[in-house]
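Trainee:
There are 2 protein chains.
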Amino acid sequence: MSKKGMLIVLSGPSGAGKGTLCSYLLKRRPELVLSVSVTTRPPRPGEVNGVSYYFTDEENFKKMVEKGEFLEWAKVYNNYYGTPKKFVEEHLKQGKDVILEIDIQGARKVKENCPDAIFIFILPPDIEELKNRIIKRGSESKESFDLRVKSAEEELKAMYDYDYAVVNDVLEEAVKKLESIIIAERCKVERNKELLELVCKEGCKI
Amino acid sequence: MSKKGMLIVLSGPSGAGKGTLCSYLLKRRPELVLSVSVTTRPPRPGEVNGVSYYFTDEENFKKMVEKGEFLEWAKVYNNYYGTPKKFVEEHLKQGKDVILEIDIQGARKVKENCPDAIFIFILPPDIEELKNRIIKRGSESKESFDLRVKSAEEELKAMYDYDYAVVNDVLEEAVKKLESIIIAERCKVERNKELLELVCKEGCKI
Chain R
1 MSKKGMLIVL SGPSGAGKGT LCSYLLKRRP ELVLSVSVTT RPPRPGEVNG
51 VSYYFTDEEN FKKMVEKGEF LEWAKVYNNY YGTPKKFVEE HLKQGKDVIL
101 EIDIQGARKV KENCPDAIFI FILPPDIEEL KNRIIKRGSE SKESFDLRVK
151 SAEEELKAMY DYDYAVVNDV LEEAVKKLES IIIAERCKVE RNKELLELVC
201 KEGCKI
Chain Y
1 MSKKGMLIVL SGPSGAGKGT LCSYLLKRRP ELVLSVSVTT RPPRPGEVNG
51 VSYYFTDEEN FKKMVEKGEF LEWAKVYNNY YGTPKKFVEE HLKQGKDVIL
101 EIDIQGARKV KENCPDAIFI FILPPDIEEL KNRIIKRGSE SKESFDLRVK
151 SAEEELKAMY DYDYAVVNDV LEEAVKKLES IIIAERCKVE RNKELLELVC
201 KEGCKI
């Protein structure tokens, strides 16, 4: 039966490792479609346009905002990030499950627009580890780093608005949890009403 | 952190194969505790008292009902079945996840008493298959069989009150779905509030 795909939002404090987790999840579940965000921040070493992000300038980003082309967008650490609406909607219509790996501000906006989406909060194994991961990333200034850590505090409180929380301690286990959440959500009665009605109709012919 | 276990209710039409599914699930997840029901129906070949069921007579069963010793009980096909309350509550308190493999009447009563429980509806792959499985069981009279099939019709409609529906077509896949549902439910924010508050508190010290 053709049915609409699920929108799966992976979010959490910066440095929780959601990017790594997300790329492992996609390797294990190639049927999932990752939404590629548009950003005005400069590419980090190794990042490819159209794969990690679509890189653009502020002027063009603001034009896209005006045209209503984003499902959500936000300014984070002086850069803009946005999720292109058309890409997500088309894949969902085709029955594909789409992953958004976005920051907490963005997730909040998606929650307003798409209450049916699945919201998963990624937690760092502990706070020391959170600091370490940010330091190791090593491509940021002191100011940018301080801003990130301060922001993490606020962000941790956001998890109460999420459906699931996954602690990213052991990568393999965290990925298994994400996979399980996706499989479980596909089994939800509320997501399968049409299919179940068909089965039920057959049953009633006995 | 010690936290309360989850009560997981596996139910569905008779002949959907929930018994087989349940025993495979328990092999794969030995940390799960199966609640053993009390019944007045005679043992089938191979069934051991205290493992498959606690077998008892009607008089004793009714005494247990009067004493309020059941989480749920029901009369199905002229036999009584009940879930002993004490066993379930003690294991949940110890943080163990408890599985109830019960009929739909029973599940309805558990839903009234334990709205936090997880309700999983097991569907037969198709209705022909449902008939075949009942026939193959082969330990029943014609009357008993007809009663079961008629009842299945009513039962299929019950699934809309459940959280999840799992079609028992390929055993291995169906078991994987059950495992995933359990793992996903363990990640739910609403089931981890205490743990998350601890993590959040640590975060706020930065």
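Quick note, the sequences are listed as chains R and Y, same order.
Going by UniProt numbering, the first sequence opens with residue 1, and the numbers climb by one from there.
Going by UniProt numbering, the second sequence opens with residue 1, and the numbers climb by one from there.
Ideal Cβ placement from N, Cα and C applies to all residues, glycine included.
If you're wondering where the values come from, they're calculated on a predicted model, not measured in any experiment.
Distance check for E66/Y and G95/R, CA to CA, integer angstroms please.
Mentor: Numbered from 1 along the first sequence, position 95 holds the residue referred to as residue 95/R. Numbered from 1 along the second sequence, position 66 holds the residue referred to as residue 66/Y. So the two alpha carbons sit approximately 52 Å from each other.
Trainee: Report yes if the C-beta distance between residue 207/R and I8/R is below 9 Å; otherwise report no.
Mentor: There is no way to answer for residue 207/R, as the model of chain R reaches only from 1 to 206.
Trainee: Please state the DSSP three-state secondary structure of N60/R.
Mentor: Your numbering for residue 60/R matches position 60 in the first sequence. In the structure shown, N60/R sits in a helix (DSSP, three-state: H, G or I).
Trainee: Return the bridge partner residues of T83/Y from the DSSP annotation.
Mentor: As a working note, residue 83/Y is residue 83 in the second sequence. Answer by DSSP bridge pairing, in chain order: E72/Y.
Trainee: Counting C-beta neighbours from all protein chains within 10 Å, is the total for residue 218/Y 16 or more, i.e. buried, or is it exposed?
Mentor: The first residue shown for chain Y is 1 and the last is 206, placing residue 218/Y beyond what the model contains.
Trainee: In angstroms with no decimal places, state the Cα-to-Cα distance between R29/Y and Y54/R.
Mentor: For the purposes of this step, residue 29/Y is identified with residue 29 of the second sequence, where counting begins at 1. For the purposes of this step, residue 54/R is identified with residue 54 of the first sequence, where counting begins at 1. Spanning the two alpha carbons is a distance of roughly 43 Å.
Trainee: What residues in its chain sit with their C-beta under 7 Å from that of residue 223/Y, if we drop five residues either side in the sequence?
Mentor: A query on residue 223/Y cannot be resolved here, the shown segment of chain Y reaching from 1 to 206 and no further.
Trainee: Alpha carbon to alpha carbon, how far is C187/Y from M159/R?
Mentor: Locating residue 187/Y in the second sequence gives position 187, where the first residue counts as 1. Locating residue 159/R in the first sequence gives position 159, where the first residue counts as 1. Each residue's alpha carbon lies about 12 Å from the other.
Trainee: Measuring straight from C-alpha to C-alpha, what distance separates K75/R and T39/R?
Mentor: Position 75 of the first sequence, counted from the start, is the residue given in the question as residue 75/R. Position 39 of the first sequence, counted from the start, is the residue given in the question as residue 39/R. Cα to Cα, the separation comes out at about 10 Å.
Trainee: Residues bridged to V189/R by DSSP?
Mentor: Reading the first sequence from its first residue, position 189 is the one you call residue 189/R. According to DSSP, which records beta bridges pairwise, V189/R is partnered with nothing at all.
Trainee: Quick check: I122/Y and V166/Y, are their CB atoms within less than 9 Å of each other?
Mentor: Working through the second sequence from its first residue, we reach residue 122/Y at position 122. Working through the second sequence from its first residue, we reach residue 166/Y at position 166. Yes.
Trainee: Less than 9 Å between the beta carbons of L10/R and L100/R, yes or no?
Mentor: In the first sequence, the residue the question calls residue 10/R occupies position 10. In the first sequence, the residue the question calls residue 100/R occupies position 100. Yes, these two residues count as a Cβ contact at 9 Å.
Trainee: Starting from the beta carbon of N192/Y, find every residue of chain R whose beta carbon is closer than 7 Å, and list them in chain order.
Mentor: Translated into the one-based positions of the second sequence, residue 192/Y becomes position 192. A165, listed in chain order.
Trainee: K177/R versus chain Y: which residues are under 9 Å apart at the beta carbon?
Mentor: Position 177 of the first sequence, counted from the first residue, corresponds to residue 177/R. Within 9 Å Cβ-Cβ: I183, A184, R186 and C187.
Trainee: At which residues does the beta strand (DSSP E) containing S48/Y begin and terminate?
Mentor: Along the second sequence, one-based indexing puts residue 48/Y at 48. Note that residue 48/Y corresponds to Val in the displayed sequence, not to Ser. Segment: none, V48/Y is in no beta strand (DSSP E) and carries neither H nor E.
Trainee: Does the Cβ of K157/Y have 16 or more other Cβ atoms within 10 Å, making it buried, or fewer, making it exposed?
Mentor: Residue numbering aside, residue 157/Y sits at position 157 when the second sequence is read from its first letter. That one is exposed.
Trainee: Assign S144/R to one of three DSSP states: helix, strand, or coil.
Mentor: Position 144 of the first sequence, counted from the first residue, corresponds to residue 144/R. S144/R falls in the helix class under three-state DSSP.
Trainee: Verify whether the separation of the beta carbon atoms of L71/R and V110/R is less than 9 Å.
Mentor: The residue given as residue 71/R occupies position 71 in the first sequence. The residue given as residue 110/R occupies position 110 in the first sequence. Yes. Within cutoff.
Trainee: Given T56/R, which residues of its chain have a CB within under 7 Å of its CB, disregarding the five upstream and five downstream residues?
Mentor: On the first sequence, residue 56/R is found 56 positions in, with the first residue counted as 1. Cβ within range, chain order: V38 and T40.
Trainee: Taking the straight line between their C-alpha atoms, what separation do you get for K86/R and E69/R?
Mentor: Within the first sequence, the letter at position 86 stands for residue 86/R. Within the first sequence, the letter at position 69 stands for residue 69/R. Spanning the two alpha carbons is a distance of roughly 7 Å.
Trainee: Where V189/Y and D161/R are concerned, what is the direct C-alpha to C-alpha distance, given to the nearest angstrom?
Mentor: If you number the second sequence from 1, residue 189/Y lands on position 189. If you number the first sequence from 1, residue 161/R lands on position 161. Roughly 8 Å separates the two Cα atoms.
Trainee: Check whether chain Y comes within 9 Å of S14/R, counting only Cβ atoms and requiring the distance to be less than that.
Mentor: Residue 14/R sits at position 14 when you count from the first residue of the first sequence. By this cut-off, S14/R is not an interface position.
Trainee: With DSSP run on the structure shown, which of helix, strand or coil describes A117/R?
Mentor: Sequence index remark: in the first sequence, residue 117/R carries index 117 (1-based). Coil, per DSSP.
Trainee: Please state the DSSP three-state secondary structure of V110/Y.
Mentor: The count along the second sequence starts at 1 and reaches residue 110/Y at position 110. Helix at V110/Y.
Trainee: How about residue 213/R and P124/R: are their beta carbons less than 9 Å apart?
Mentor: Lying outside 1 to 206, the shown extent of chain R, residue 213/R is not represented and no answer is given.
Trainee: Using the DSSP secondary-structure output, state which residues sit across from L8/Y in a beta bridge.
Mentor: In the second sequence, counting from the first residue as 1, residue 8/Y sits at position 8. According to the sequence as given, residue 8/Y is Ile; it is not Leu. Looking at the DSSP assignment, I8/Y forms a beta bridge with I99/Y and I118/Y.
Trainee: Mapping the DSSP letters down to three states, classify G15/R as helix, strand or coil.
Mentor: Taking the first residue of the first sequence as 1, we reach residue 15/R at position 15. Of the three classes helix, strand and coil, the one that applies to G15/R here is coil, per DSSP.
Trainee: How far does the beta strand (DSSP E) with S37/Y in it extend, from its first residue to its last?
Mentor: Numbered from its first residue, the second sequence carries residue 37/Y at position 37. Segment S37 to T39, the beta strand (DSSP E) holding S37/Y.
Trainee: Just the C-alpha distance for Y24/Y and V175/Y, rounded to the nearest angstrom, thanks.
Mentor: Here the question's residue 24/Y lines up with position 24 in the second sequence. Here the question's residue 175/Y lines up with position 175 in the second sequence. Those two C-alpha atoms are separated by around 7 Å.
Trainee: Let's test the definition: count the other Cβ atoms within 10 Å of the Cβ of D169/R and tell me whether it reaches 16, buried, or not, exposed.
Mentor: Counting from one through the first sequence, the residue named residue 169/R turns up at place 169. The residue in question, D169/R, is exposed, as its Cβ has fewer than 16 Cβ neighbours within 10 Å.
Trainee: Taking the continuous beta strand (DSSP E) assigned at Y164/Y, which residues delimit it?
Mentor: In the second sequence, the residue the question calls residue 164/Y occupies position 164. Note, Y164/Y: beta strand (DSSP E), Y164 to V167.
Trainee: Using only the alpha-carbon positions, how far apart do K193/Y and D146/Y sit?
Mentor: Reading the second sequence from its first residue, position 193 is the one you call residue 193/Y. Reading the second sequence from its first residue, position 146 is the one you call residue 146/Y. When rounded, the distance between both Cα atoms is 48 Å.
Trainee: Which residue wins for smallest C-alpha separation from G82/R, given the options E31/R, L21/R and N60/R?
Mentor: Along the first sequence, one-based indexing puts residue 82/R at 82. It is N60/R.
Trainee: Taking Y160/R as the query, report the chain Y residues whose CB atoms sit under 7 Å from its CB, ordered along the chain.
Mentor: Counting from 1 along the first sequence, the entry for residue 160/R is found at position 160. Simply V189.
Trainee: Under 6 Å Cβ to Cβ from I206/R, same chain only, skipping five residues before and after it: list those, please.
Mentor: Counted from its first residue, the first sequence places residue 206/R at position 206. With a pLDDT of 40 at I206/R, under the threshold of 50, the modelled position of that residue is not reliable, and the figure given next carries that caveat. Cβ neighbours of I206/R beyond the five flanking positions: none.
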